[in-house]
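J.: Per the UniProt record's numbering, the sequence shown starts with residue 1, numbered consecutively.
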Amino acid sequence: MGNYLNPGNSGFSNMRNDVYVDKTEMIRLINQTINTPRNLTCISRPRRFGKSFAAKMLCAYYDKTCDSKELFDDLRIAKADEYLKYLNKYDVIYLDMASVLGVTSPEDAVSYVKRNITEEVLEIYPEVKEAEALFDTLANLVTYTGNKIIMIIDEWDSPIRENGKKIEIQREYLLFLRSLFKNSGTTDKIFAAVYMTGILPIKKDGSQSAISDFEELTMVKPRKFAPYVGFTEQEVKDLCREYQIDFSKMKLWYDGYSFPNANSIYNPNSVMKALRNDDFDSYWSQTSAAESLMEYISLDYGGLSKTIAELIGGIEVEVDTRGFSNDLVTFREKDDVLTLLIHLGYLAYDKDSEKVHIPNEEIKQEFSRTIRGVRRNETIQRVRESDQIISDTVHLNADAVAAQIEKIHTEETTALFYNNEQTLRSVIEKYGK
Numbered sequence: 001m002g003n004y005l006n007p008g009n010s011g012f013s014n015m016r017n018d019v020y021v022d023k024t025e026m027i028r029l030i031n032q033t034i035n036t037p038r039n040l041t042c043i044s045r046p047r048r049f050g051k052s053f054a055a056k057m058l059c060a061y062y063d064k065t066c067d068s069k070e071l072f073d074d075l076r077i078a079k080a081d082e083y084l085k086y087l088n089k090y091d092v093i094y095l096d097m098a099s100v101l102g103v104t105s106p107e108d109a110v111s112y113v114k115r116n117i118t119e120e121v122l123e124i125y126p127e128v129k130e131a132e133a134l135f136d137t138l139a140n141l142v143t144y145t146g147n148k149i150i151m152i153i154d155e156w157d158s159p160i161r162e163n164g165k166k167i168e169i170q171r172e173y174l175l176f177l178r179s180l181f182k183n184s185g186t187t188d189k190i191f192a193a194v195y196m197t198g199i200l201p202i203k204k205d206g207s208q209s210a211i212s213d214f215e216e217l218t219m220v221k222p223r224k225f226a227p228y229v230g231f232t233e234q235e236v237k238d239l240c241r242e243y244q245i246d247f248s249k250m251k252l253w254y255d256g257y258s259f260p261n262a263n264s265i266y267n268p269n270s271v272m273k274a275l276r277n278d279d280f281d282s283y284w285s286q287t288s289a290a291e292s293l294m295e296y297i298s299l300d301y302g303g304l305s306k307t308i309a310e311l312i313g314g315i316e317v318e319v320d321t322r323g324f325s326n327d328l329v330t331f332r333e334k335d336d337v338l339t340l341l342i343h344l345g346y347l348a349y350d351k352d353s354e355k356v357h358i359p360n361e362e363i364k365q366e367f368s369r370t371i372r373g374v375r376r377n378e379t380i381q382r383v384r385e386s387d388q389i390i391s392d393t394v395h396l397n398a399d400a401v402a403a404q405i406e407k408i409h410t411e412e413t414t415a416l417f418y419n420n421e422q423t424l425r426s427v428i429e430k431y432g433k
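1. Measure the C-alpha to C-alpha separation of L347 and E361 and round it to an integer number of angstroms.
2. Who are the near neighbours of V317 in its chain, counting only those whose CB is closer than 8 Å to its CB and skipping five residues on each side?
3. Can you name, in chain order, every residue of its own chain whose Cβ lies under 8 Å from the Cβ of E116, other than the five neighbours on each side?
4. Indicate the three-state DSSP secondary structure (helix, strand or coil) for L177 in the structure shown.
5. Quick check on M1: buried or exposed, where buried means 16 or more other Cβ atoms within 10 Å of its Cβ?
6. Rank N261, D399, S368 and G323 by C-alpha distance to the C-alpha of K351 and give the top, closest one.
7. What does DSSP give as the partner residues of N263 in its beta bridges?
8. I'd like the span of the beta strand (DSSP E) that includes C59, first residue to last.
9. What did DSSP end up calling D154 once you bin it into helix, strand or coil?
10. Measure the alpha-carbon distance for T197 versus D154 and round it to whole angstroms.
11. Exposed or buried, which one is K334 when buried takes at least 16 other CB atoms within 10 Å?
12. For the alpha helix (DSSP H) containing V100, name the first residue and the last one.
13. Are residue 442 and V194 close, meaning C-beta to C-beta below 9 Å?
14. Distance, Cα to Cα, Q234 vs S264?
15. Run the CB neighbour count on P126, radius 10 Å, all protein chains shown included, and call it buried at 16 or more, exposed below.
16. G198 bridges to which residues according to DSSP?
17. According to DSSP, simplified to helix, strand and coil, what is Y112?
18. So, helix, strand or coil for I358, using DSSP?
19. Is it the case that the Cβ atoms of I245 and L239 are separated by a distance below 9 Å?
20. What residue does the beta strand (DSSP E) around Y349 start on, and which one ends it?
21. When burial is assigned at 16 or more other CB atoms within 10 Å of the CB, is Y254 buried or exposed?
22. Find the nearest neighbour of Y173 within the set L340, M97 and I342, judged by alpha-carbon distance.
23. I'd like to check one pair, V229 with G50: are the Cβ atoms closer than 9 Å?
24. E215 lies in the beta strand (DSSP E); which residues open and close that run?
25. Where do the N-terminal and C-terminal ends of the alpha helix (DSSP H) with K166 fall, by residue?
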């Protein structure tokens with residue numbers, strides 16, 4: 001049992017020791033892709049939406065170095081005809097890219113992954129011949145064992161999210177993934193199936209996905225995987241009944257995501273914390289994505305702050321999701337930021353109307369706090385700018401005064417009224433007092 005090759009079933013075993021909602025029917029969908037042309041699956045959902053739980057479940061099911069039968073025998077997957085056919089039958093490579101970035105630098109992440117996977121392959125299978133490229137070493141492993149590999153990558157997009165403006169690091173990482181999964185004719189010889197999960201859809205390279213062979217299941221297009229990441233309404237009703245919790249309040253606080261194949265979907269992390277704490281509250285703010293929300297609104301693309309205020313007021317807003325580049329920095333227009341907020345879980349998307357809304361009370365409170373924070377920061381910034389204008393005026397620094405007035409005039413004035421004398425006068429009066 002290794003950290004990367006055949007990690008075992010302890011993660012899923014720990015899950016079974018706690019309150020557990022049966023999501024094992026997802027395994028049937030992955031089983032259906034094994035050794036087929038559609039064996040590459042990528043699911044993107046917001047943080048704390050159950051993605052990592054699913055990855056641990058798949059590790060436990062496929063890993064041939066452990067016996068997971070008792071963990072699955074009382075679950076829904078056990079009723080499937082192919083249940084025993086694939087149970088603990090594969091070498092599994094498991095990567096948690098967030099954990100990788102926790103122990104090495106972004107610049108060294110790809111080489112770290114290659115080195116550690118290779119070392120574990122050679123340690124567990126010393127007869128396997130090491131090759132210069134990881135891909136070829138894995139090919140030698142498959143030749144030796146006579147059995148293909150299941151690969152599971154959790155938090156696949158961490159190197160994209162954590163290195164937003166470091167294009168070379170992103171490019172190296174995407175080239176690494178491409179070397180594994182876009183090698184026509186040989187990828188299928190190595191991997192029986194691949195499951196990737198993250199917050200963002202696969203990064204686009206130009207207008208196309210950098211790894212275009214994956215079937216992508218996103219917050220915009222969840223398709224058949226919709227019921228298996230996040231809690232369905234029936235699952236939440238059952239939990240509320242078992243723990244004697246008010247379902248109507250649970251729905252008000254944590255519902256709001258509606259997928260065609262699952263109807264209402266709830267945030268599982270928030271539901272479970274509300275159950276354990278017996279308290280309906282905003283648990284979303286405890287995730288790191290909340291820290292970024294203020295920055296996105298502060299960018300104010302095309303009047304984004306006003307749009308967010310409308311959403312808080314209950315208005316649905318039309319969004320074109322097709323231009324989003326699947327990263328945290330490439331924003332061409334307001335719709336790109338709104339699409340990002342869909343993937344982060346801050347907005348719910350209706351596929352039929354192509355409109356977004358704030359899904360529930362938890363997120364509404366988060367938005368309200370964020371709007372207040374943006375306004376507070378803007379006020380503080382303007383006070384500092386006013387003080388600087390006064391100081392520059394006292395010291396007869398005419399160029400600095402003119403530059404600062406020009407900056408504020410540009411930021412505070414729409415293009416239509418930019419050359420209006422009264423508008424400029426109001427800026428001077430407002431910040432020169």
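Glycine included, every Cβ here is placed at the ideal spot set by N, Cα and C.
T.: The structure says:
1. L347 and E361 have their C-alpha atoms roughly 12 Å apart.
2. Taking C-beta separations shorter than 8 Å and ignoring five residues to either side along the sequence, the partners of V317 in its chain run T307, E310, L311, L338, K355, V356 and H357, following chain order.
3. The question names Glu, yet the displayed sequence has Asn at residue 116. Non-local C-beta neighbours of N116 in its own chain, meaning closer than 8 Å and more than five positions away in sequence, comprise N3 and Y4, ordered along the chain.
4. Three-state DSSP puts L177 in a helix.
5. The residue in question, M1, is exposed, as its Cβ has fewer than 16 Cβ neighbours within 10 Å.
6. K351 has its Cα closest to that of N261, out of N261, D399, S368 and G323.
7. The partner list for N263 (beta bridge, DSSP) reads F259.
8. First-last for C59: K51 to Y62, but that is the alpha helix (DSSP H), not the beta strand (DSSP E).
9. In this structure, D154 counts as strand in the three-state DSSP scheme.
10. One C-alpha to the other measures close to 5 Å.
11. Buried, since its Cβ has 16 or more Cβ neighbours within 10 Å.
12. First-last of the alpha helix (DSSP H) with V100: M97 to V103.
13. Lying outside 1 to 433, the shown extent of the chain, residue 442 is not represented and no answer is given.
14. Annotation: Q234 to S264 spans about 9 Å, alpha carbon to alpha carbon.
15. Under the 10 Å beta carbon count, P126 is surrounded by fewer than 16 other beta carbons and is classified as exposed.
16. DSSP output for G198 lists S44 as bridge partner(s).
17. In the three-state DSSP reduction, Y112 falls in the helix class (H, G or I).
18. Of the three classes helix, strand and coil, the one that applies to I358 here is coil, per DSSP.
19. Their beta carbons are under 9 Å apart, which means I245 touches L239 by this criterion.
20. In the DSSP assignment, Y349 falls within the unbroken beta strand (DSSP E) covering A348 to D350.
21. In summary, Y254 is buried, with 16 or more beta-carbon neighbours lying within 10 Å of its beta-carbon over all protein chains present.
22. The shortest Cα separation from Y173 among L340, M97 and I342 belongs to M97.
23. In terms of Cβ geometry, G50 and V229 form a close pair [threshold 9 Å].
24. Where E215 is concerned, the enclosing beta strand (DSSP E) stretches over E215 to L217.
25. Counting along the chain, K166 falls outside any alpha helix (DSSP H), and DSSP gives it neither H nor E.
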